[in-house]
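Novice: Protein chains in written order, with the UniProt record's numbering: chain A, 1 to 360; chain B, 1 to 360.
In this text, a Cβ means the ideal position worked out from N, Cα and C, and glycines have one as well.
Pasting in a structure now, in structure tokens, and then I'll have a few things to ask.
2 protein chains.
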Amino acid sequence: MTRNYNFSAGPSALPEAVLQQAQQELLDWHGNGLSIMEMSHRSKEFVGVAEQAEQDLRELMQIPDNYKVLFMQGGATSQFTMIPMNLLGDKTSADYINTGDWSKKAIKEASRYCDVNVIASSEANNFTSAPSQSELKLNPDAAYVHYTPNETIRGVEFDYIPDTGDVPLVADMSSNILSRQIDVSRFAMIYAGAQKNIGPAGLTVVIIREDLLGKALPQTPALYDYKVTADAGSMHNTPPTFGWYLAGLVFQWLKAQGGVAAIEEINRRKAEKLYSAIDNSPFYSNPVALNNRSWMNVPFILANAELDKQFLAEADDKGLLNLPGHRSVGGMRASIYNAVPEAGVDTLIAFMHDFEQRHA
Amino acid sequence: MTRNYNFSAGPSALPEAVLQQAQQELLDWHGNGLSIMEMSHRSKEFVGVAEQAEQDLRELMQIPDNYKVLFMQGGATSQFTMIPMNLLGDKTSADYINTGDWSKKAIKEASRYCDVNVIASSEANNFTSAPSQSELKLNPDAAYVHYTPNETIRGVEFDYIPDTGDVPLVADMSSNILSRQIDVSRFAMIYAGAQKNIGPAGLTVVIIREDLLGKALPQTPALYDYKVTADAGSMHNTPPTFGWYLAGLVFQWLKAQGGVAAIEEINRRKAEKLYSAIDNSPFYSNPVALNNRSWMNVPFILANAELDKQFLAEADDKGLLNLPGHRSVGGMRASIYNAVPEAGVDTLIAFMHDFEQRHA
Chain A
1 MTRNYNFSAG PSALPEAVLQ QAQQELLDWH GNGLSIMEMS HRSKEFVGVA EQAEQDLREL
61 MQIPDNYKVL FMQGGATSQF TMIPMNLLGD KTSADYINTG DWSKKAIKEA SRYCDVNVIA
121 SSEANNFTSA PSQSELKLNP DAAYVHYTPN ETIRGVEFDY IPDTGDVPLV ADMSSNILSR
181 QIDVSRFAMI YAGAQKNIGP AGLTVVIIRE DLLGKALPQT PALYDYKVTA DAGSMHNTPP
241 TFGWYLAGLV FQWLKAQGGV AAIEEINRRK AEKLYSAIDN SPFYSNPVAL NNRSWMNVPF
301 ILANAELDKQ FLAEADDKGL LNLPGHRSVG GMRASIYNAV PEAGVDTLIA FMHDFEQRHA
Chain B
1 MTRNYNFSAG PSALPEAVLQ QAQQELLDWH GNGLSIMEMS HRSKEFVGVA EQAEQDLREL
61 MQIPDNYKVL FMQGGATSQF TMIPMNLLGD KTSADYINTG DWSKKAIKEA SRYCDVNVIA
121 SSEANNFTSA PSQSELKLNP DAAYVHYTPN ETIRGVEFDY IPDTGDVPLV ADMSSNILSR
181 QIDVSRFAMI YAGAQKNIGP AGLTVVIIRE DLLGKALPQT PALYDYKVTA DAGSMHNTPP
241 TFGWYLAGLV FQWLKAQGGV AAIEEINRRK AEKLYSAIDN SPFYSNPVAL NNRSWMNVPF
301 ILANAELDKQ FLAEADDKGL LNLPGHRSVG GMRASIYNAV PEAGVDTLIA FMHDFEQRHA
């Protein structure tokens, strides 16, 4: 068996140690004679796994006690609906910051439920930066402010947490949760599809301040009501048990690496060396403003786009997989989430140098 | 490693051969150097897996071409909401048959969106039978008729498919899909949470006739609109890829067993011998009408309920796991889904005889 380096934007790389443990116990979890995925979600064994996962996530992110942690289904896209359904209350509008494709999707869905005010947008510069705090045209009457701290497709990451005063701040952290330390108390709600930094697709983590619960619109589906999920300990119905279990293994792996502070240092190094390789070469380029360059998703283009296919084919041959850019932007994109080892980034950089030498 | 016999009602047993294959390729799927769950859902590899799974399910159930097969999230509980949201159209009421706890949950959620007419109920006899065709008080103006062909908790299975004339028939087949041959064309829509006869929790299969698509209520969440999912090939957003892959392995396993006709014969034998063991003993009993006894979920009680704990403890020691009845009814329940081998039923029966000899 050869494991390749996997730069997929999502679903994406998982820590090899996590996969090995899951493999080892796939048919017989802890001597029980059955797989964890064959167990009732209400069994004491699975409940233990589930509670440990929540506890580890709380510890990793230092989540305050007045926040609920929900393990849901449906991905970030389902949150685009749940957020207005749950947070509007008696308000009629919400503020959204538009920094790319994922922001737009969130805006489009929210517009079906309320008036959306786009309070800042980087569309004019083709989403190569994030608006600064002073550019945000905040509305004090907004039910909440929504933004995308890291835009996966174009690799744009906020270098600050917006100050929204008394208006609740909601963040789609699908592609940068757990990548660096954040102050959770600055947010009213954080959510993330699991399939980048947490676990397999099909699990969604929601971290929400308790005072925001219980205001769902009347027609909200039961499973879209955060309070229903919170009151049932995320077991109003059968949760995605295997995904929850794997997320728990990822949290334990992260703790074993030294926690978020330690992975933050590794992520900083990985990103800095890859951006350096791009910036120090006339052959590669990245258009994003220096202070908004994502640590997780690094898009780049070649000086000669006709070489794209060859670059990708040779990378593939060297076990550097899934480097094509998103179909809407082309070029290349290296997603270097927590589970992508630093050696993978080093190997990619060495290949980029080599390719440039041969083709520049 | 010892594999035990697992009579869990859900999440429940998976075929050992499926788990072995998943284990073998968990870190390196088909020589790609990464796990299937680390791949983009839009990669040609995963799309191939997804399409094959749908094709195999179509073949196994002989699904007509004018039905869509959707791979969704949220379990049967999410369908309880989606069904009225998608199928009401310009109607204001729907017919429901009440045969137990799961029917009641479906009714409760639908009542938030329309007038529910309970057109038959077996509550008066404590849900120990299913209403007959002649007992159904069908309303020609109903948007649809909903029923639960197999009630997991009390082990009650319909022995016929209701004839609802021109009114679309919707069935929650979570606990008996693929257990025996059915004529899909008799149904407007069939749905099933995966975690009993299909795969791991977190995946939901919906089979829906095409003419029912496109009538969702205005406030329907994007991911709750069957047409959105159908138009996107179940990839409007990232699907639960690992569950979909495992479901595909289960479908292939089922084909290797000889398909649904073959598993139906095995299921018939398993159920008949277990009910015989119960009926031929004064020590065990099952209250369900003979023609409505479930092939999938076999509840039974002991003549002396004080022996329940001992029965369950001894069964556990013998590797016969998860036999407690649902908390709402007590006693025992053996769920004997497709993946529970006939040898497991034989071992359970032998243990029941032995226990009776020692305690009757």
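1. Given that Asn6(B) touches chain A, what residues does it touch there, using C-beta distances under 7 Å?
2. I'd like the list of long-range same chain contacts for Asp163(A), defined as Cβ closer than 7 Å, with 5 residues on each side in sequence excluded.
3. For Lys108(B) and Ala120(A), I'd like the C-alpha separation in whole angstroms.
4. Anyone know if the C-beta pair for Leu290(B) and Pro168(B) falls short of 8 Å?
5. Can you give me the start and stop residues for the alpha helix (DSSP H) that Leu60(A) sits inside?
6. Would you kindly check if the distance between the Cβ of Ala50(B) and the Cβ of Leu249(B) is under 8 Å?
7. Using 8 Å for Cβ pairs, my map puts Lys68(B) next to Ile198(B). What's the rounded Cβ distance?
8. To the nearest angstrom, how far is it from the Cα of Ser175(B) to the Cα of Gly202(B)?
9. With 16 other CB atoms within 10 Å as the buried threshold, where does Gly75(A) fall?
10. DSSP three-state call for residue 367(A): helix, strand or coil?
11. Within 10 angstroms of its Cβ, does Glu342(B) collect 16 or more other Cβ (buried), or is it exposed?
12. Along the chain, where does the alpha helix (DSSP H) containing Ile190(B) start, and where does it finish?
13. Could you confirm whether any beta carbon from chain A is found closer than 8 Å to the beta carbon of Gln79(B)?
14. Using a Cβ distance threshold of 8 Å, determine whether the region 283 to 301 of chain A contacts the region 2 to 14 of chain B, with at least three qualifying pairs required.
15. Tell me Thr204(B)'s beta-bridge partners as DSSP assigns them.
16. Three-state secondary structure (DSSP) at Leu169(B)?
17. Mind checking who Ile301(A) pairs with in its DSSP beta bridge?
18. Name the residue from Tyr191(B), Ala143(B) and His41(B) whose alpha carbon lies nearest to the alpha carbon of His236(B).
19. For a contact meaning CB atoms closer than 7 Å, what does Pro84(B) contact in chain A?
20. Between the beta-carbon of Ser179(B) and the beta-carbon of Asn304(B), is there less than 8 Å?
21. Taking the alpha helix (DSSP H) that Asp317(A) belongs to, which residues open and close that run?
22. Any idea if Asp166(A) is buried or exposed, counting beta-carbon neighbours within 10 angstroms, 16 or more meaning buried?
23. What are the residues of the region 191 to 204 of chain A that lie near chain B, defined by any Cβ-Cβ distance shorter than 7 Å?
24. Considering only their Cβ atoms, is the gap separating Phe80(B) from Ala106(B) smaller than 8 Å?
25. Note down, in chain order, every chain A residue with its Cβ under 7 Å from the Cβ of Asn237(B).
26. Going by DSSP in three states, Tyr144(A) sits in which element: helix, strand or coil?
27. So, do the region 353 to 360 of chain B and the region 270 to 288 of chain B have three or more beta carbon pairs nearer to each other than 8 Å?
28. Just checking: is the beta-carbon of residue 381(B) within a distance shorter than 8 Å of some beta-carbon in chain A?
29. For Gly100(A) and Ser35(B), what's the separation of their Cα atoms in angstroms?
30. Which residues in the same chain as Trp102(A) place their Cβ atom closer than 8 Å to its Cβ, once the five residues preceding and following it in sequence are excluded?
31. Rounded C-beta distance between Val345(B) and Lys270(B)? I'm assuming under 8 Å.
32. Could you tell me which chain B residues have their CB closer than 7 Å to the CB of Ser12(A), listed as they occur along the chain?
33. Quick one: is the Cβ of Gly10(A) within less than 7 Å of any heavy atom of the ligand ATP?
34. State the DSSP-derived secondary structure class of Leu246(A), mapped to helix, strand or coil.
35. Closest by CA to residue 374(B), which one among Leu213(A), Leu14(A) and Leu27(A)?
36. Quick one: which residues of the region 313 to 337 of chain A get their C-beta closer than 9 Å to a C-beta of chain B? List them in chain order.
Specialist: For this structure:
1. Leu34 and Glu38
2. Gln133
3. 42 Å
4. no
5. Lys44 to Met61
6. no
7. Between Ile198(B) and Lys68(B) the Cβ distance is about 17 Å, and since that is not below 8 Å, they are no contact.
8. 15 Å
9. buried
10. No statement about residue 367(A) is possible, as the shown extent of chain A runs from 1 to 360 and does not include it.
11. exposed
12. Premise fails: Ile190(B) lies in the beta strand (DSSP E), Met189 to Gly193, not in any alpha helix (DSSP H).
13. no
14. no
15. Met72(B) and Gly193(B)
16. strand
17. Ser285(A)
18. His41(B)
19. Those do not exist, as Pro84(B) stays about 10 Å from chain A at its closest Cβ, beyond 7 Å.
20. no
21. Asp308 to Asp317
22. exposed
23. Gly193, Gln195, Pro200, Ala201 and Gly202
24. yes
25. Gly75 and Thr77
26. coil
27. yes
28. The requested residue 381(B) does not occur in the structure, where chain B is confined to residues 1 to 360.
29. 29 Å
30. Ala76, Thr148, Glu151, Thr152, Ile153, Asp172 and Ser174
31. 5 Å
32. Glu38
33. Inclusion of the ligand ATP in the displayed structure is not the case, the ligand content being empty and no account of it being possible.
34. helix
35. Here chain B has residues from 1 to 360 only, and residue 374(B) is not among them.
36. Gly319, Leu321, Asn322 and Arg327
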